[in-house]
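Peer 1: Have a look at the structure that comes next, please.
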Amino acid sequence: MRKMKNIKSHLSEFKEQLQASKNIVILTHHRPDGDAIGSSLALALFLKKKGFFPQVIIPSAFSEQFNFLKGVEDVLNFETEREKTIRLIEEAELIFCLDFNSIARLNQLATILSRAKAPKIMVDHHPEPDNFAKFEYCNDKYGSTAELIYELILMIDSDYQFETSVAEAIYTGILTDTGMFQYPSTRAETFKIAANLFDAGVNGNKIFNHIYNNYSENRLKFLGYSISEKMKVFPDKNAAMIFINREEIDRFELGIGDTEGLVNYPLKLTGIKFSTLIIEREDLVKLSFRSIEDFDVNDFARKHFLGGGHKNAAGGQSKLSLEKTVQKFIRILDTL
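Using the numbering used here, the first residue of the sequence shown is number 18, and each one after it goes up by one.
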């Protein structure tokens with residue numbers, strides 16, 4: 018396969034491809050987070066305004082905390098509308114792939130995208146992208162894909178005045194994937210973009226409350242339980258771990274996204290620089306890794322748990338039982 022063409026370096030060719038396409042599909046990864054949803058909706062709203070017919074398709078459901086965003090009601094979930102989503106992907110003239118750089122991140126949609134004939138556009142901020150798209154706009158120095166979408170929109174139309182709905186979607190992606198502007202990937206330019214989005218009508222306090230001050234009673238109780246009962250600290254390794262089984266997820270009646278952010282809490286402990294969350298899902302065990310300073314969790318996830326991500330934020334998985342996965346993690350930690 019030919020090497021992907023960078024959009025900035027081949028802008029005229031990209032614009033020609035875009036203008037020749039009316040029916041456009043926008044895809045993002047399995048278990049979409051705020052950056053995935055925000056980026057997808059922002060691009061869809063912009064393209065719709067420009068006269069295109071975009072359709073956001075997700076492989077699986079996302080958290081209700083993002084339901085305030087405009088356009089969310091038009092998103093199609095592959096799990097609940099399988100035939101329609103497959104048909105739209107097969108009939109698409111152009112497919113944007115946002116916030117993922119490996120087709121495997123689409124879960125069950127991976128095979129369908131692989132056989133789709135439409136040209137693909139990858140926009141992403143994760144390292145080491147697979148070469149499956151015609152065009153790419155990727156930079157792993159960015160804290161979010163939403164920042165790249167902001168720039169892409171202005172490359173398509175340099176005179177575009179951001180509507181509040183588009184700005185809110187982009188800001189949501191930036192806010193969530195930079196850890197509320199705390200992660201090392203937060204750049205000076207990130208704040209400049211945020212300021213421009215505020216000028217376009219974004220109410221930062223409103224968005225913050227929708228996302229972070231919107232817990233159910235069960236979720237808050239689960240947070241306390243996880244920290245008090247399920248956290249194990251390894252002071253000599255500057256590390257901590259939280260592990261959750263299926264029974265606990267069911268007992269607290271957790272919904273989609275209710276474990277989001279839990280992995281960050283151990284990093285609040287003095288001296289802890291590496292935090293891991295291990296959760297037993299229906300078909301496998303999922304791991305989330307976070308770090309501060311120099312410990313590279315992307316490298317750790319790739320080496321040991323079939324995963325990857327960023328230097329300070331990554332994910333992985335295990336086909337072992339929860340108990341054996343925890344044991345494996347502790348054995349590996351002992352070697353660090």
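Idealized CB from N, CA, C, for every residue including glycine.
So which of Asp194, Phe251, Leu339, Glu153 has the shortest CA-CA distance to asparagine 262?
Peer 2: For this step, residue 262 is matched to residue 245 along the sequence shown. Here the closest residue by C-alpha is Leu339.
Peer 1: Express the C-alpha separation of isoleucine 75 and lysine 101 in angstroms, rounding to a whole number.
Peer 2: Taking the sequence shown and counting its residues from 1, one reaches residue 101 at position 84. Taking the sequence shown and counting its residues from 1, one reaches residue 75 at position 58. Using only the alpha carbons, I get a separation of about 12 Å.
Peer 1: State the CB to CB distance for the pair threonine 162 and leucine 115, rounded to an integer number of angstroms; the pair is presumed to be in contact (CB under 8 Å).
Peer 2: The residue given as residue 162 occupies position 145 in the sequence shown. The residue given as residue 115 occupies position 98 in the sequence shown. About 6 Å; that satisfies the 8 Å criterion.
Peer 1: Can you give me the start and stop residues for the beta strand (DSSP E) that glutamate 145 sits inside?
Peer 2: Counted from its first residue, the sequence shown places residue 145 at position 128. From DSSP, glutamate 145 is part of no beta strand (DSSP E); its letter is neither H nor E.
Peer 1: Give the DSSP bridge partners of serine 308, in chain order.
Peer 2: Here residue 308 corresponds to residue number 291 of the sequence shown, with the count starting at 1. Paired residues: Phe291.
Peer 1: Between Thr203, Thr189, Ile54, which has its C-alpha nearest isoleucine 224's C-alpha?
Peer 2: Position 207 of the sequence shown holds residue 224. Here the closest residue by C-alpha is Thr189.
Peer 1: Is proline 71 helix, strand or coil when you go by DSSP?
Peer 2: Position 54 of the sequence shown, counted from the start, is the residue given in the question as residue 71. Here proline 71 sits in strand by DSSP.
Peer 1: Quick check on the DSSP output: the alpha helix (DSSP H) that includes tyrosine 229 runs from which residue to which?
Peer 2: Here the question's residue 229 lines up with position 212 in the sequence shown. Here the alpha helix (DSSP H) through tyrosine 229 covers 221–229.
Peer 1: I'd like the span of the beta strand (DSSP E) that includes glutamine 82, first residue to last.
Peer 2: The count along the sequence shown starts at 1 and reaches residue 82 at position 65. Segment: none, glutamine 82 is in no beta strand (DSSP E) and carries neither H nor E.
Peer 1: Give a yes or no on whether the C-beta atoms belonging to isoleucine 120 and leucine 130 are separated by under 9 Å.
Peer 2: Counting from 1 along the sequence shown, the entry for residue 120 is found at position 103. Counting from 1 along the sequence shown, the entry for residue 130 is found at position 113. In contact: isoleucine 120 and leucine 130 (Cβ atoms closer than 9 Å).
Peer 1: Can you tell me the Cβ-Cβ gap for valine 357 and isoleucine 103, rounded? I've got them flagged as a contact below 8 Å.
Peer 2: As shown, the chain starts at 18 and ends at 353. That puts residue 357 outside it, with no answer to give.
Peer 1: For histidine 20, collect the residues of the same chain with a Cβ closer than 8 Å to its Cβ; drop the 5 residues on either side in sequence, then sort them by chain order.
Peer 2: Along the sequence shown, one-based indexing puts residue 20 at 3. The sequence shown places lysine at residue 20, not histidine. Result list for lysine 20: Asn148, in chain order.
Peer 1: On a Cα-Cα basis, can you pick out the residue from Lys341, Leu337, Ala318, Leu323 that is closest to alanine 331?
Peer 2: The residue you call residue 331 lines up with position 314 of the sequence shown. Checking every option, the nearest Cα to that of alanine 331 belongs to Ala318.
Peer 1: Compare the Cα-Cα distances from glutamate 311 to each of Phe291, Val302, Ile295 and report the closest residue.
Peer 2: Translated into the one-based positions of the sequence shown, residue 311 becomes position 294. Before going on, a small fix: residue 311 reads as aspartate here, not glutamate. Taking only the C-alpha atoms, the option nearest aspartate 311 is Phe291.
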